[in-house]
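> Protein sequence lines, in the order shown, are assigned to chains A and B.
Letter by letter, the first sequence follows residues 1 to 278 of my numbering.
Letter by letter, the second sequence follows residues 279 to 546 of my numbering.
Where a beta carbon is used, it is the ideal one built from N, C-alpha and C, also for glycine.
Every value quoted in this text rests on a predicted model; they were computed, and no experiment measured them.
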Amino acid sequence: MEIKFLNVSCKIGRKTLLKNINLYINDALITGIYLDDYKIIPNIITGNVAYQGKVLFDNQELKKNSKTKKTNSIPNFSYIKELDCETFLTDTVSSEFFLAKKDIDTNDLNYIDKIISSLKMVGLNEFFLKRKINTLSKSEKRLLEIAIKLITNPDFIIIDEPFLYLNKNQKFNIKKILLDLRKKYHKTIIILSNDINVLYELTDELIILKENKVLVQDKTKLIFKDLEFLEKNQIMLPNIVLFRKIALNYDKKLENYKEVNDLIKGVYKIATGVKEDA
Amino acid sequence: MSSFFSIKNLTYKINNQIFFKNFNLVIDKKKFTSLIASSGSGKSMLTKIISAIIPTTDKCVLNNISLNKETVLNYLPKIGIVTNDFNQDFLFKKVKDELAYPLENLGFPEHKINSKIDIASKYFKIENLLNKDIKDLTLSERKKLLIILALMHEPALLVLDDAFYGLTSNDQEFMLEKLKELTSRGLTILNITSKLDTIYKSDKVFILHEFKIKKEGTVKEIFEQDSYLRKIGLDIPFVVDVSLKLKFYDLISDIYFDISELEGALWK
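1) Run down chain A in chain order and give the residues with a C-beta less than 9 angstroms from the C-beta of Ser312/B.
2) Would you verify that the beta carbon of Arg420/B is, or is not, closer than 8 angstroms to some beta carbon of chain A?
3) Step through the CB atoms of chain E and report whether any lies within less than 8 angstroms of the CB of Ser538/B.
4) For Ala378/B, which residues of its own chain have a beta-carbon under 6 angstroms away from its beta-carbon, when the five flanking residues on both sides are left out?
5) Does the beta-carbon distance from Asp402/B to Lys456/B come in below 8 angstroms?
6) Just by C-beta distance, which residues in the stretch 438-456 of chain B are closer than 9 angstroms to chain A?
7) Output the distance between the C-alpha atoms of Met121/A and Lys183/A, rounded to the nearest integer angstrom.
8) Go through the stretch 461-504 of chain B residue by residue and report every complete run of the beta strand (DSSP E) that reaches 3 residues or more, in order.
9) Give the interface partners of Leu468/B over in chain A, defined as CB-CB distance under 8 angstroms, in chain order.
10) For a contact meaning CB atoms closer than 7 angstroms, what does Ser193/A contact in chain B?
11) Quick check for students: name the residue ranges of the alpha helix (DSSP H) that lie wholly in the stretch 165-207 of chain A, counting only runs of 4 or more.
12) Can you tell me whether Glu276/A is buried or exposed? The criterion is at least 16 other CB atoms within 10 Å of its CB, across all chains shown.
13) What does Asp504/B reach in chain A if we use C-beta pairs closer than 7 angstroms?
14) For the alpha helix (DSSP H) holding Ser393/B, just list the boundary residues, first then last.
15) Can you check whether the C-beta of Leu377/B is within less than 8 angstroms of a C-beta belonging to chain A?
16) Determine the burial state of Ala278/A: buried for a count of at least 16 other Cβ atoms within 10 Å of its Cβ, exposed for fewer.
17) Could you check how far apart the C-beta atoms of Leu522/B and Ile314/B are, in whole angstroms? I think they sit under 8 angstroms.
18) Would you please state the rounded distance, in angstroms, between the beta carbons of Leu29/A and Thr152/A? I believe it to be under 8 angstroms.
19) Can you check the stretch 52-103 of chain A for any alpha helix (DSSP H) of at least 4 residues that lies completely inside it and give the ranges in chain order?
20) Leu18/A by DSSP, collapsed to three states: which one?
21) Can you tell me whether DSSP reads Val122/A as helix, strand or coil?
22) Output, in chain order, the set of chain B residues within a Cβ distance shorter than 8 angstroms of Leu242/A.
23) Just to make sure I have the definition right: I need the residues of chain B whose C-beta is within less than 7 angstroms of the C-beta of Ile246/A. Which are they?
24) Which one or two residues does DSSP pair with Thr31/A in a beta bridge?
25) Closer than 9 angstroms, Cβ to Cβ, to anything on chain A: give me those residues from the stretch 510-523 of chain B, in chain order.
26) Please list, in chain order, the chain A residues whose beta carbon lies closer than 9 angstroms to that of Gly358/B.
27) Any idea what DSSP makes of Val304/B, helix, strand or coil?
28) Please look up how many angstroms separate the CB atoms of Lys227/A and Lys245/A, rounded, as I've assumed it's under 8 angstroms.
29) Give the secondary structure of Lys39/A by DSSP, where H, G and I count as helix, E and B as strand, and everything else as coil.
30) Count the other CB atoms within 10 Å of the CB of Pro154/A; is the residue buried (16 or more) or exposed (fewer)?
31) At the 8 angstroms Cβ level, is Arg463/B part of the contact set with chain A, yes or no?
32) Measure from the C-beta of Tyr290/B to each C-beta in chain A and report whether the shortest distance is under 8 angstroms.
33) Measuring CB to CB, does Phe501/B end up less than 8 angstroms from Lys473/B?
34) Which parts of the stretch 290-344 of chain B are runs of the beta strand (DSSP E), unbroken and 3 residues or longer, counting only runs that do not cross its ends?
35) In chain B, which residues lie less than 7 angstroms from Val198/A when you measure between Cβ atoms?
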């Protein structure tokens, strides 16, 4: 699913949140959105707020409700929000899954199998089915929410802060799921985060907003090559990019690494090379 | 060193599932103590016990007040709690009203409330937010406000339960700096967290795993045990991770908490 914004503006109350912006969310890629403090882009996409301009899904404009100016029939999507008090409406894990899919019989064994594999995918297991929601830890709730939102097989997925509340191994697992969804199942994925390190690690393309405009939209790797541009616009650098920038002050030229281990190898080469010269 | 807050011999179970068993913890006065744990190891439950949301009898002792049914009203005003609970909402429209609320609750006169808000907003540099609507704040500003709110009634002990989620790294650094400064003025801080980049300024660090204290030490001593930290699911912050790896290759000789300092030592 490809999503386009053409000349979109959005005002809430007296506050202008977007002004005549154009943006493209490409099919089967992971697109990050940085500095969307009010989560306005996902809210427009999912039909939650009124806007002016055009939003196209696979080049088709959806009908807007003439009164509310919100989009009607959005394609099948899942929006995995930060946990809030409305996240879970029933009291057990299994009933949450049945709530997610209407018209399904609670004895449908196929669906129960599906639930179990969905739980296993996020690192939980079948024993969770009987658990009460209020006995889950924060990370278990978060993983459960992801499992529920993915079971409907959405065309596109929006996720807020994908690593929120998760420990190291759980983060690794969620990263793998997102990459698989993109690569094997060609899902369009939109990630919202305030943590530039998370976006640098996970996204193919990145949209950075600034003062209700799109500051830049490009391949993530390309955006972080242009250090001057980022500094001029006071965009926070991912740690590994910051390391490369500081090294330049010492006339050490490191490559544009993405992984810490590659960085260490690069540093080792330069540092020991220098020693040999001396 | 004087023990200021302690948990003594705590055993806590729900139905037949035992969570804490003979659990002990001692926090020193005017210190910044961190208790690190990955998710699901008892962090939030411990916060609830300390803040008397889960009732216990004579297990928590704060400055010689032993927490039980009779003393709870003396005990609670002396602590400030910040949780990362997603049900936590603000009560008022304006930031200023929100900051006044805990003080109004304790019966402070208006002029005193105003001067306290004035002092707090200057100290934490949020003067520009006072007249804003809370819904117009960014996530980071809101999280910052939650920490400041917990300090308004001048508690003796501040308990932070994963309070730094959602703060931008600049705000996080600023708040940690300011909080550390408050310990020299008498505040005791217990930072319960899984975010290891919030523990750099700690005087002491405990590792909590499976409802038990597994290790304790200084910040550097704790980070030296990086393979253990990784094993229990904690993320090593980038700058510490790089430090440890470069140290392994003898390219630097210490652990750094700041990338500039690290590279200063590396490329000198």
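Taking the definition as stated:
1) The contacting residues do not exist; Ser312/B stays about 17 angstroms from chain A at best.
2) no
3) Of the protein chains in this structure, namely A and B, none is chain E.
4) Ile391
5) This sequence places Phe at residue 402/B; Asp is not what is there. Closer than 8 angstroms, so yes.
6) Asp440, Tyr443, Gly444, Leu445, Thr446, Ser447 and Asn448
7) 16 angstroms
8) 466-471, 482-487 and 490-495
9) Those do not exist, as Leu468/B stays about 19 angstroms from chain A at its closest Cβ, beyond 8 angstroms.
10) Ordered by position in chain B, no residue passes the 7 angstroms Cβ test against Ser193/A, which lies about 10 angstroms from the chain.
11) 168-183 and 196-202
12) Note that Glu276/A scores a pLDDT of 46, beneath 50, so its modelled location is shaky; the value from the coordinates is reported in the next line. It is exposed - the Cβ of Glu276/A has fewer than 16 other Cβ atoms within 10 Å.
13) Neighbours of Asp504/B on chain A: none; closest Cβ ~12 angstroms, over 7 angstroms.
14) Glu388 to Tyr401
15) no
16) Low per-residue confidence applies at Ala278/A: pLDDT is 41, beneath 50, and the placement is therefore not dependable, though the value from the model is reported in the following sentence. When all chains shown are included, Ala278/A counts as exposed.
17) Contact flag wrong, Cβ pair sits at about 16 angstroms.
18) In fact, because the Cβ distance is near 21 angstroms, the residues do not count as touching under 8 angstroms.
19) 93-100
20) strand
21) coil
22) Ile537
23) Ile537, Ser538 and Glu541
24) Ile190/A and Glu205/A
25) Ile510, Gly511, Leu512, Asp513, Ile514, Pro515, Phe516, Val517, Asp519, Val520 and Lys523
26) Those do not exist, as Gly358/B stays about 21 angstroms from chain A at its closest Cβ, beyond 9 angstroms.
27) strand
28) Residue 227/A is actually Leu in this sequence, not Lys. Confirmed, Cβ separation roughly 5 angstroms.
29) coil
30) buried
31) no
32) no
33) no
34) 295-306, 310-314 and 338-340
35) Result: empty, since nearest Cβ-Cβ is about 11 angstroms, beyond 7 angstroms.
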